[in-house]
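> Letter 45 of the sequence shown, counting from 1, is numbered 45 in my numbering, and no numbers are missing.
We treat Cβ as the ideally placed atom computed from N, Cα and C, and that holds for glycine.
From a predicted model like this one, the values you see are computed outputs, not experimental measurements.
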Amino acid sequence: MGNSGSHEENAIFIDELFDAFQIIEKLLNNLYSYDRILEMAQLISQKKQPLTRKERAELKK
Numbered sequence: 001m002g003n004s005g006s007h008e009e010n011a012i013f014i015d016e017l018f019d020a021f022q023i024i025e026k027l028l029n030n031l032y033s034y035d036r037i038l039e040m041a042q043l044i045s046q047k048k049q050p051l052t053r054k055e056r057a058e059l060k061k
């Protein structure tokens, strides 16, 4: 992860990837509530296109 993942000449091991994914998952869970994710997914599905900044800002936090 970070510099080791992009600059080291050694291969990245699967355990290191899992660690990185767990960290990213925790960060995303802290940033977005489950209800907000559902609302975003429903709107994107209805519109069949990405949300605008305004639409994203209007979602409940």
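Expressed to the nearest angstrom, what Euclidean distance is found between the alpha-carbon atoms of Ile23 and Leu17?
For the purposes of this step, residue 23 is taken as residue 23 along the sequence shown, with counting starting at 1. For the purposes of this step, residue 17 is taken as residue 17 along the sequence shown, with counting starting at 1. Near 10 Å, if we compare the C-alpha coordinates of Leu17 and Ile23.
> How many whole angstroms separate the CB atoms of Met40 and Leu28, which I take to be in contact at a CB cut-off of 8 Å?
The residue labelled residue 40 in the question sits at position 40 within the sequence shown. The residue labelled residue 28 in the question sits at position 28 within the sequence shown. Contact doesn't hold; Cβ gap of about 12 Å is too wide.
> Taking the Cβ atom as the reference point for each residue, do Leu43 and Glu55 lie within a distance shorter than 9 Å?
Within the sequence shown, residue 43 is the residue found at index 43, counting from 1. Within the sequence shown, residue 55 is the residue found at index 55, counting from 1. Their beta carbons are under 9 Å apart, which means Leu43 touches Glu55 by this criterion.
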